[in-house]
Structures are given as structure tokens and as C-alpha cells.
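Data first, discussion second: the structure below is written as C-alpha cells.
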Amino acid sequence: MPKENSFESKILELEELVRKLEEGEVTLEESKNIYKKGISIAKQCNDLLKETELEISELKAELDDQFNDAEE
């Protein structure tokens, strides 16, 4: 089971919100609140992806520097 604040758990939560909206058994107000929550979770997922991309870029740069130093 994914950690509560992990990317994977957020995706699962988004999928559940989409399922609720697709079922169409919620009021307009509930739909609006579900949509707002979904947008918030999507932003969190995007932030996590950006952070991960940055970490990977930094690690790659470190590795490239090590290889460059070894060649000199």
C-alpha cells in the first residue's frame, strides 16, 4: 500500500474522485468541491514530479562532473 502522501496515493485519490464524478450521483455543489479537490491534488502531483526531475538532474550533473574529473 502506498504511503499516504506519496505520488502513488495521490493518483489513487484522483482516480477515486474521477470515479465519483463519472457516476453522476453527486449534487452540483459536491461536484464542484470534488473538482476543486482534484485540482489541488493534481497540483501536488505536478510539484512532486518537478521536484523529482530536479533531483534527477542534479544527480546526473554530479555524475557527469565525476566522470569529467576522472578523465582529466
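Just so you know, the sequence shown maps onto residues 21 to 92 in my numbering.
Ideal Cβ positions, reconstructed from N, Cα and C, are used throughout, including at glycine.
Contact set for residue i: own chain, Cβ-Cβ below 8 Å, skip 5 residues either direction
{"i": "residue 86", "result": "none"}
Which of helix, strand or coil DSSP assigns to residue i
{"i": "residue 38", "result": "helix"}
{"i": "residue 53", "result": "helix"}
{"i": "residue 73", "result": "helix"}
{"i": "residue 26", "result": "coil"}
{"i": "residue 44", "result": "coil"}
{"i": "residue 78", "result": "helix"}
Distance cut-off 7 Å: residue i Cβ against heavy atoms of the ligand HEM
{"i": "residue 74", "result": "Within the structure as shown, the ligand HEM is missing, as the structure has no ligands at all."}
Sequence-distant residues of the same chain with beta carbon closer than 7 Å to residue i, five excluded per side
{"i": "residue 61", "result": "30, 33, 34"}
Cβ of residue i within 8 Å of any chain B Cβ
{"i": "residue 58", "result": "Note that chain B does not occur in the displayed structure, where there is just one protein chain."}
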